[in-house]
Amino acid sequence: MSVVLMSDRRVAAIPVRECGEPLVDVRAHGALRVDPRKHDAAGAFAHLRQGVLHRLLHAQSLLPDGLRLLFVEGYRPPALQRRYFEEYAGALGRDNPGWTHTRVREAASRFVSPPEIAPHSAGAAVDLTLVDADGRELDLGTRMNADPEESEGACYTSATNITAEAGANRNTLATVLSEAGLVNYATEWWHWSWGDRYWAFRTNNPTAPYGPTEPGREAGPMTGGH
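Residue numbering for the sequence shown follows our numbering, starting at 25 and increasing by one per position.
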């Protein structure tokens with residue numbers, strides 16, 4: 025399975041032309057179900073760029089009757105992203121002492137984006153799944169955030185080692201989110217984004233409108249680089 029990873033130099037080479045759009049709290053809108061599993065004291069997890077939220081609401085309107093999106097995590101502060109990446113890369117390095125630094129970085133980026141690229145830290149990415157009318161999560165083949173080692177690759181969106189039901193549910197999720205303009209990171213069925221560097225790469229846009237930002241302030245102009 026050929027997947028362009030977040031660590032790919034072609035992704036890093038895409039310049040950011042920061043548009044300054046603010047982060048908004050999706051809970052304030054009230055139209056999306058928000059799961060508390062990634063809750064943090066500041067409530068950062070529930071924030072997204074305004075444009076991404078609008079696209080999610082459009083995607084939800086396209087779902088079959090009785091289904092809704094379940095929002096799990098959006099914005100992730102850069103320091104937290106760096107910690108996640110370093111911890112996972114460290115574990116991979118310890119488990120595979122013969123790997124080079126480059127191989128460890130590439131393998132880690134299947135599951136956690138390198139901090140300088142991370143769509144979550146730009147408020148551009150969301151981790152989400154589907155629920156029924158009673159709020160019960162549908163079967164999508166793995167638990168959310170199952171890494172490639174744990175899931176034996178079943179976390180990959182196009183994995184074949186899942187049930188037909190899980191595959192159909194993934195297809196439903198992918199259909200509405202793609203229709204709304206979001207792109208998937210193919211190693212994680214639950215991760216979708218709009219406006220970040222990876223989105224720009226996948227959609228052949230020359231620049232990305234969203235770069236790293238912080239809640240409570242508008243992002244300033246950024247003309248390129250990491």
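Ideal Cβ placement from N, Cα and C applies to all residues, glycine included.
Asked, Found
"Endpoints, the alpha helix (DSSP H) within which residue 118 is located", "102 to 119"
"8 Å Cβ cutoff met for residue 31 and residue 139", "no"
"Straight-line gap, residue 243 to residue 86 (C-alpha atoms, nearest Å)", "In this prediction, residue 243 scores a pLDDT of 43, lower than 50, which makes its location untrustworthy; the coordinate-derived value is nonetheless stated afterwards. Each residue's alpha carbon lies about 31 Å from the other."
"Residue 74 and residue 48 closer than 8 Å at C-beta", "yes"
"Reduced DSSP secondary structure (H/G/I, E/B, other) of residue 27", "coil"
"Run of the beta strand (DSSP E) containing residue 217, from where it starts to where it stops", "215 to 217"
"Cβ-based burial, residue 151 [other Cβ within 10 Å; buried from 16]", "buried"
"Sub-8 Å separation of residue 91 and residue 154 beta-carbons", "yes"
"Per-residue DSSP class, three states only, for residue 58", "strand"
"Selection from 234, 53 and 136 that minimises the alpha carbon distance to residue 104", "136"
"Spatially closest choice to residue 170 from 80, 162, 59 and 179, by CA coordinates", "179"
"Option in 101, 126 and 93 with minimal Cα separation from residue 113", "126"
"Of the listed residues 83, 221, 225 and 108, nearest to residue 132 (C-alpha basis)", "108"
"Cα-Cα separation between residue 183 and residue 177, rounded to whole angstroms", "7 Å"
"Same chain, Cβ closer than 8 Å to residue 88, five either side skipped, listed in chain order", "196"
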